[in-house]
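Since the structure comes first, as structure tokens, the remarks are kept for the end.
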Amino acid sequence: MGLPRGHLRPFSTAAVRLRRPPSGSISHEVKDNKEWQQELEQHIARGQLALARQVFDRIPAPDARAYNALIRAYSWRGPFHAAIDLYRSMLYFRVPPNKYTFPFVLKACSALADLCAGRTIHAHAAAVGLHTDLFVSTALIDLYIRCARFGPAANVFAKMPMRDVVAWNAMLAGYANHGMYHHAIAHLLDMQDRGGLRPNASTLVSLLPLLAQHGALFQGTSVHAYCLRAYLDQNEEQVLIGTALLDMYAKCKHLVYACRVFHGMTVRNEVTWSALIGGFVLCDRMTEAFNLFKDMLVEGMCFLSATSVASALRVCASLADLRMGTQLHALLAKSGIHADLTAGNSLLSMYAKAGLINEATMLFDEIAIKDTISYGALLSGYVQNGKAEEAFLVFKKMQACNVQPDIATMVSLIPACSHLAALQHGRCSHGSVIIRGLALETSICNSLIDMYAKCGRIDLSRQVFDKMPARDIVSWNTMIAGYGIHGLGKEATTLFLSMKNQGFEPDDVTFICLIAACSHSGLVTEGKHWFDTMTHKYGILPRMEHYICMVDLLARGGFLDEAYQFIQSMPLKADVRVWGALLGACRIHKNIDLGKQVSRMIQKLGPEGTGNFVLLSNIFSAAGRFDEAAEVRIIQKVKGFKKSPGCSWIEINGSLHAFVGGDQSHPCSPDIYHELDNILIDIKKLGYQADTSFVLQDLEEEEKEKALLYHSEKLAIAFGVLSLNEDKTIFVTKNLRVCGDCHTAIKYMTLVRNRTIIVRDANRFHHFKNGQCSCGDFW
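The UniProt record's numbering applies: residue 1 is where the sequence shown begins, and numbers increase by one.
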């Protein structure tokens with residue numbers, strides 16, 4: 001039964017841990033093999049593997065039984081490589097392995113996913129005619145399945161002269177764990193038809209998660225019926241199968257059935273509770289989910305797992321219940337699982353989503369071993385809280401630590417590029433998803449479309465859109481919205497018609513994007529048409545956002561009275577945003593009387609926004625009524641609303657440079673101000689005259705002109721002129737609406753400096769070239 005020496009070659013003899021011969025006082029101990037074996041097995045039974053190994057090393061000539069006992073212990077408890085090393089030692093000392101050896105050592109190979117060693121041991125088993133043994137074959141199937149080698153696993157299974165339910169289950173579990181739905185179902189039918197075997201609890205526990213994953217509710221109910229007929233009522237089986245059944249119903253979003261299974265179980269464990277809580281979370285029924293978690297604690301389920309706490313923390317994040325979230329944090333610490341990665345990531349996500357980014361950062365630093373989810377949660381938190389630059393730093397740290405980003409991480413990162421209009425960062429992110437094979441994922445493409453549109457490259461947005469292998473409604477809506485913010489209303493309409501021709505049904509968001517695109521392009525008639533089409537043809541009930549778009553459409557187009565009447569006829573009570581859209585148009589068209597009336601409506605509604613105070617103040621200032629403008633600013637201050645300072649930023653060679661009005665903190669400020677003064681001289685020669693109505697203070701005319709000259713967007717453009725080659729487009733982002741004077745001045749700048757300039761303000765994009773703007777002076 002010994003193996004030929006040629007079979008040792010795949011193993012390195014250097015890796016064999018040889019037994020040392022007895023030495024010292026141990027050599028005087030006189031025991032026969034039976035006594036050594038008994039002592040060895042006693043230590044193994046107590047879990048004392050280190051002592052067991054010491055005993056093993058004292059045995060003068062251990063036989064296969066001694067080897068098997070220790071190999072089995074290592075294969076169950078680890079370290080798994082010790083089982084393989086001991087098997088190598090067994091071959092080295094020419095102790096023939098038997099039908100018990102191979103299943104044990106193959107189990108260790110499975111635990112390590114060591115396909116190379118497993119294949120060698122398979123060859124050894126075949127050499128001694130044991131490869132078709134029931135237990136050896138089952139262990140081989142488990143190994144190959146664990147290593148995702150379904151061909152070899154199926155070959156081993158096919159050659160088995162006899163199969164029991166464990167062998168059938170090994171193949172079924174492999175198919176199920178890898179999401180191979182059709183293979184698993186076909187195998188289950190074969191098990192009953194050709195194998196003549198009934199599924200047992202292990203079969204069903206492997207199958208039900210697969211059914212849940214594929215939403216196969218009908219098949220799941222069939223399994224449930226089988227369970228009832230089979231009388232699987234042992235306590236252990238009931239818990240396993242009951243939990244798997246309710247998890248299947250919950251993931252198929254049939255919570256009524258899930259609850260029935262739950263309440264019908266006489267024995268429940270923490271996993272059972274977690275499955276039901278997770279189901280309610282999945283169905284976005286957060287309050288019920290949290291009540292279940294509290295019931296679980298009341299029922300005496302004091303042992304908390306990371307899974308159950310993760311579900312509870314997700315509920316806290318959704319309900320913005322920080323008080324309970326912090327209590328759970330304390331509970332985690334007391335229960336001893338606060339250091340668990342799953343629990344830590346859930347806490348991190350909760351703090352980040354709640355806007356407590358400092359607490360999230362502190363917790364992140366405390367997590368010893370971080371994974372993709374850890375980095376993704378913190379990165380998403382920074383983006384959500386408007387800290388895009390910090391998000392990029394987290395991503396760089398993630399890359400430095402060789403942690404690979406997943407789809408969710410990249411979907412969070414790409415909007416950070418949009419927020420800062422950082423095109424170079426956006427292109428790098430695009431390259432990153434291409435390298436990682438994620439560039440064709442629909443959610444990634446949707447983010448890229450939005451990013452390129454907000455970074456001023458609507459052409460690249462369209463390229464991504466056209467190359468998508470599969471689009472969803474979000475893809476179409478994002479592209480339509482992109483055209484809208486660039487003032488390309490006709491292109492947005494054309495895309496909408498193409499969307500319908502390709503069989504996509506528009507939703508309520510589609511019409512928000514479409515009407516907004518018409519608003520930014522001055523297409524008043526078209527926008528009114530699409531609003532009527534939405535309600536009469538598609539039966540979509542307008543919500544507040546649709547009414548806001550319609551008021552903006554009418555008011556921007558100069559139809560202020562019609563916009564006012566439209567608001568009066570709304571079936572919903574107009575909120576501050578609706579009146580704010582009209583107030584903004586009053587500023588554009590300098591309608592002071594209507595502006596005052598609208599402002600009074602806004603103040604009655606509350607809470608007012610800073611922007612509405614600013615708009616009214618601007619209306620008075622533009623009309624030279626500075627006392628009334630000052631009154632508005634006093635009221636604004638008393639109510640605690642602060643005006644955000646105008647800020648503009650520009651990306652130069654991957655670095656972002658920010659400017660505020662009159663800012664002199666930039667290292668290049670002397671050169672920037674000198675360039676601006678020269679630009680002013682040059683544009684005045686072409687006929688530019690400063691529109692001092694956009695200065696909100698009662699200043700002398702010369703002072704007003706200077707105040708206008710040093711607006712943040714002009715500073716950023718001057719820096720771009722100094723820093724970029726003439727063939728490069730200057731792209732500036734501003735946090736507020738660009739003022740009328742800056743808009744006029746930038747048109748002249750394109751002529752005197754022969755540059756293309758793009759400005760993204762709070763409302764839309766302005767493409768300036770050859771003394772013209774893409775908005776047609778309508779913004």
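Glycine included, each C-beta is placed from N, C-alpha and C at the ideal position. As the structure is a computational prediction, the values presented were derived from the model and not from experiment.
One thing to note: serine 432 has its Cβ no nearer than 9 Å to the Cβ of alanine 408. Look at alanine 250 here: in three-state DSSP terms it is helix. Nearest in C-alpha terms to glycine 522, of all of Gly558, Thr510, Leu541, is Gly558.
Going by DSSP, threonine 756 is part of no beta strand (DSSP E) at all; its letter is neither H nor E. The alpha-carbon of proline 62 is positioned some 42 Å away from that of arginine 198.
Assignment of alanine 658 by DSSP, reduced to helix, strand and coil, places it in the strand class.
Within the same chain, Cβ atoms closer than 6 Å to the Cβ of isoleucine 145 are found at Ala153, Gly174, the five residues on either side in sequence being excluded.
Per the C-alpha coordinates, the member of Val281, Gln238, Val271 positioned closest to leucine 255 is Val281. Note on threonine 266: under 16 other CB atoms within 10 angstroms of its CB, so exposed under the neighbour-count rule. In this structure leucine 594 is in contact with leucine 560, their Cβ atoms being roughly 6 Å apart against a cut-off of 8 Å. For threonine 478, the enclosing alpha helix (DSSP H) begins and ends at 473-485.
Under the three-state reduction of DSSP output, lysine 490 falls in the helix class. The Cβ atoms of leucine 363 and leucine 347 sit closer than 9 Å to each other.
Per the coordinates, the alpha-carbon of methionine 570 lies some 8 Å from the alpha-carbon of tyrosine 547.
Shown here, glutamate 651 sits in a strand according to DSSP, grouped into three states. Annotated as proximal: leucine 245 and valine 261, with beta-carbon spacing under 9 Å. Put simply, the backbone Cα of tyrosine 87 is about 8 Å away from that of proline 97.
Under DSSP, glutamine 772 forms a beta bridge with Lys769. For threonine 442, the enclosing alpha helix (DSSP H) begins and ends at 442-454.
In the structure shown, isoleucine 730 falls within a strand segment according to DSSP collapsed to helix, strand and coil. Unbroken alpha helix (DSSP H) stretches of 4 residues or longer found wholly inside the segment 163-191: 165-177, given in chain order. In the three-state reduction of the DSSP assignment, arginine 77 falls in the helix class. Here alanine 762 is exposed, its C-beta having fewer than 16 other C-beta atoms within 10 Å. The count of Cβ pairs closer than 8 Å, one atom from the segment 477-484 and one from the segment 512-529, reaches three, so the stretches are in contact. Going by beta carbons, phenylalanine 465 and arginine 457 fall outside the 9 Å limit.
Around the Cβ of methionine 90, a 10 Å sphere holds 16 or more other Cβ atoms; the residue is buried.
Taking C-beta separations shorter than 7 Å and ignoring five residues to either side along the sequence, the partners of methionine 601 in its chain run Trp579, following chain order. Arginine 556 sits in a helix when the DSSP states are folded into three classes. Taking C-beta atoms under 8 Å as the contact rule, glycine 179 and glutamine 219 fail to qualify, at a distance of about 15 Å. Around tyrosine 100, the same chain offers Asn68 as residues with beta carbons nearer than 7 Å, after the five sequence neighbours per side are excluded. For valine 738, no alpha helix (DSSP H) segment is defined, and its DSSP state is neither H nor E. In this structure, the straight-line span from the alpha carbon of valine 128 to that of proline 161 is close to 17 Å.
The residue from Lys685, Glu651, Thr744 with its alpha-carbon nearest to that of aspartate 691 is Thr744.
Cβ neighbours of leucine 172 within its own chain (closer than 8 Å, five residues either side excluded): Ala184, His187, Leu188, Met191, Thr203, Ser206, Leu207.
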